[in-house]
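Protein chains in written order, with our numbering: chain A, 416 to 497; chain B, 10 to 373.
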Amino acid sequence: MPLSSLEETDKRLLAEKYLRRFYNLQAGLQGTKTHRSSDAMQAKIREMQSFFNLQVTGSLDANTLELMSMARCGVPDVGEYN
Amino acid sequence: HFPRNLKWQNTNVTFRIVNYTPDLKKADVDRAIRNAFNIWADVTPLTFKKLHEGKADIMISFGTKEHGDFNPFDGPDGLLAHAYPPGRDIGGDTHFDEDEHWSKDSDSYNLFLVATHEFGHALGLSHSTDPGALMYPVYSYSQGYPLSEDDITGIQALYGPNPTRKVKPKPDAPNKCDPMLSFDAVTELRGETIIFKDRFYWRLHPQFAEPEQTLIKSTWPSLPNKVDAAYEYPEKDMVFIFSGIRMWALNGYNLVEGYPKYIHKLGLPRTVRTVDAAVYIPDTGKTLLFSEEHYWSYDEKTNTMDSGFPRSIEMDFPGMADEVDAAVYQYGYLHFFHEHTQFEYSYSARKVIQIVRTNSFLNC
């Protein structure tokens with residue numbers, strides 16, 4: 416597999432941080448490139464895209480990343496409140 | 010709502026401002042916080058009493074990074090604030106990120122708007138999926154009354170309505186696939202299509218599968234909440250926005266200095282109070298300006314209104330409605346929008362070639 420570019424790594428890190436904070440993506444799962452972690456991340460991206468009425472693709476498209484980088488409230492969007 | 014519909018068990022809620030941001034005068038912070046509570050008090054039976062010492066239900070503070078609740082902020086931008094749902098101890102407490110710059114207006118993050126949103130959480134509201142709701146998670150600046158129908162329905166489900174006061178909520182965000190959807194204005198902007206409707210605009214980008222809906226005020230705080238018409242003059246990389254008798258100019262997403270100007274500067278008669286639609290035709294170098302049943306032709310090269318106008322829309326665009334809400338020129342065709350109908354008009358053949366619903370322009 417080709418190594419992902421720095422830009423792609425940055426995008427993925429941004430998304431992981433976002434999904435951990437607001438969509439309860441479990442820490443630890445996303446660090447290892449297992450089939451399970453990829454599925455969990457995709458499911459959380461879908462959840463986020465559905466919440467924001469974006470096209471639900473499960474992938475980090477431009478719309479999704481743009482929304483993730485906007486200024487916002489720190490309270491999680493969905494799920495059990497911690 | 011939060012799980013288990015968390016709420017305060019009595020209607021007399023106390024708050025205390027633990028510390029102040031240096032970005033604003035103390036009195037301005039007090040006013041923003043009090044006004045934010047008043048917004049919720051107006052639509053519920055809740056009352057809010059300020060304490061100067063001791064433990065209040067809602068403890069309000071400004072802090073940076075890790076600030077004592079193991080829920081750190083992240084420096085400038087990103088996270089602006091957070092609040093805890095009703096409950097004992099930290100429940101209801103509201104924290105603002107001091108690394109942000111707080112303001113009374115649209116210059117930076119508006120403290121009143123963020124506080125009103127956070128107090129929504131402190132009273133038991135979770136995030137809304139309606140981009141026009143105050144409880145939408147993403148910050149956007151807007152003037153006027155901040156609550157939408159969705160916010161009011163949510164808070165009243167917990168506490169009931171205010172027995173005495175009545176307020177008019179902001180309408181919900183328009184639904185792109187509503188079959189009765191109409192447009193206020195449509196324009197191109199550097200290869201994207203911008204569709205204005207009520208307080209919102211949709212952005213259609215060739216690489217985006219889905220239109221993106223945003224509040225007008227969120228992108229252009231000094232533009233009015235309602236746009237009547239808009240067109241792009243690509244030769245000068247300008248987009249002109251019309252609202253009432255005023256017009257603004259954009260260069261990309263930036264407002265051009267020297268605007269707003271009166272629409273009559275274009276040569277429109279003083280009797281014209283609104284431009285319903287505007288569209289630039291690249292083949293002719295003319296911009297057509299529509300108002301009620303008539304239209305004018307403006308020469309962009311000479312900056313003058315062509316003689317022989319106004320002319321009747323019905324006479325010159327056979328098969329069209331006699332009025333238009335919005336117009337845009339794409340790939341050699343003029344798209345006219347009137348109420349929920351879109352007319353695709355061939356400028357060269359001088360006839361309507363297709364009639365579809367307005368919402369089909371948004372892939373519905």
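For glycine and all other residues, C-beta sits at the position ideal for the given N, C-alpha and C.
Reduced DSSP category for residue i - H, G, I as helix; E, B as strand; rest coil
| i | result |
| --- | --- |
| A:Q464 | helix |
| B:K74 | coil |
| A:Q445 | Bear in mind that a pLDDT of 47 at A:Q445, under 50, signals an unreliable position, so the model cannot answer this. |
| B:D308 | strand |
| B:M68 | strand |
| B:Y289 | strand |
| B:T23 | strand |
| B:H303 | strand |
| B:N368 | helix |
| B:H104 | strand |
| B:K175 | coil |
| B:E353 | strand |
| B:A218 | coil |
| A:S474 | coil |
| B:F251 | strand |
| B:N260 | strand |
| B:S191 | coil |
| B:L297 | strand |
| A:Y433 | helix |
| B:F283 | For the record, residue 283 of chain B in the displayed sequence is Thr; it is not Phe. The answer is coil: DSSP assigns B:T283 none of H, G, I, E or B. |
Candidates the options, of which the one nearest residue i by Cα
| i | options | result |
| --- | --- | --- |
| B:Y268 | B:P233, B:F24, B:S300 and B:L277 | B:P233 |
| B:F71 | B:G200, B:P85 and B:Y29 | B:Y29 |
| B:H110 | B:I99, B:G341, B:P85 and B:Y93 | B:P85 |
| B:E244 | B:T56, B:G261, B:F251 and B:D114 | B:G261 |
| B:K34 | B:L120, B:T56, B:A45 and B:D83 | B:L120 |
| B:L198 | B:Y240, B:T228 and B:D160 | B:Y240 |
| B:S191 | B:F370, B:H10 and B:F11 | B:F370 |
| B:D292 | B:I67, B:S252, B:K64 and B:Y356 | B:Y356 |
| B:L224 | B:D114, B:P170 and B:P155 | B:P155 |
| B:E158 | B:L143, B:V147 and B:Y150 | B:L143 |
| B:D108 | B:H130, B:T296 and B:K74 | B:K74 |
| A:S484 | B:F82, B:G77 and B:G87 | B:G87 |
| B:D114 | B:W257, B:R255, B:I254 and B:P230 | B:P230 |
| B:D308 | B:M256, B:Y242 and B:Q363 | B:Y242 |
| B:A131 | B:H10, B:D106 and B:V195 | B:H10 |
| B:A45 | B:T103, B:K185, B:P170 and B:K274 | B:T103 |
| B:L60 | B:F82, B:D139, B:L264 and B:N21 | B:N21 |
| B:V281 | B:L264, B:G253, B:A336 and B:F24 | B:G253 |
| B:N312 | B:L275, B:G101 and B:Y148 | B:L275 |
Start and end residues, alpha helix (DSSP H) containing residue i
| i | result |
| --- | --- |
| B:D160 | E158 to Y168 |
| B:E201 | Premise fails: B:E201 lies in the beta strand (DSSP E), E201 to K206, not in any alpha helix (DSSP H). |
| B:E109 | First-last for B:E109: undefined, no H or E at that position. |
| B:S227 | I225 to T228 |
| B:V337 | Premise fails: B:V337 lies in the beta strand (DSSP E), A335 to Q339, not in any alpha helix (DSSP H). |
| B:H91 | Run containing B:H91: none in the alpha helix (DSSP H); it sits in the beta strand (DSSP E), A90 to A92. |
| B:W49 | K35 to A50 |
| B:H126 | L120 to L132 |
| B:M324 | I322 to D325 |
Limits of the unbroken beta strand (DSSP E) element including residue i
| i | result |
| --- | --- |
| A:T479 | Per DSSP, A:T479 belongs to no beta strand (DSSP E); it is in the alpha helix (DSSP H), A477 to M483. |
| B:I272 | Run containing B:I272: none; DSSP gives neither H nor E here. |
| B:A238 | A238 to Y242 |
| B:Y342 | Y342 to H347 |
| B:V195 | A194 to L198 |
| B:W17 | Premise fails: B:W17 is in no beta strand (DSSP E) and is neither H nor E. |
Cβ pair residue i, residue j closer than 9 angstroms
| i | j | result |
| --- | --- | --- |
| B:H136 | A:D454 | no |
| B:A90 | A:G489 | yes |
| B:P180 | B:G141 | yes |
| B:I69 | B:I42 | yes |
| B:H214 | A:A477 | yes |
| B:T53 | B:Q216 | no |
| B:Y338 | B:Y289 | yes |
| B:Q152 | B:A182 | no |
| B:V284 | B:S306 | no |
| B:F326 | B:F345 | yes |
| B:F251 | B:L259 | no |
| B:D139 | B:D193 | no |
| A:K499 | A:L480 | What the structure shows of chain A is the stretch from 416 to 497, and residue 499 of chain A is not part of that stretch, so it cannot be assessed. |
Any chain C beta carbon closer than 9 angstroms to residue i
| i | result |
| --- | --- |
| B:T202 | Judged by its chain identifiers, the structure shown contains no chain C, and its protein chains are A and B. |
Taking a cut of 9 angstroms between CB atoms, which residues from the stretch 70 to 94 of chain B lie near chain A?
-> N80, F82, D83, D86, G87, L88, L89, A90, H91, A92, Y93 and P94
Looking at chain A, which residues of the stretch 212 to 238 of chain B have a Cβ within less than 7 angstroms of any of its Cβ atoms?
-> Q216, F217, A218, E219 and E221
Chain B contacts from the stretch 455 to 470 of chain A (Cβ-Cβ distance under 8 angstroms) = F466, F467, N468, L469 and Q470
In the stretch 274 to 302 of chain B, which residues sit with their C-beta less than 7 angstroms from some C-beta in chain A, listed in chain order?
-> none
Between the stretch 140 to 152 of chain B and chain A, which residues of the former have CB atoms less than 7 angstroms from a CB of the latter, in chain order?
-> P146, V147 and Y148
Which residues, in chain order, does the stretch 118 to 134 of chain B contribute to contact with chain A at a C-beta distance below 9 angstroms?
-> Y118, V123, H126, E127 and H130
Just by C-beta distance, which residues in the stretch 475 to 486 of chain A are closer than 9 angstroms to chain B?
-> D476, A477, N478, E481, L482, S484, M485 and A486
Along the stretch 21 to 50 of chain B, what residues have a CB closer than 8 angstroms to any CB found in chain A?
-> none
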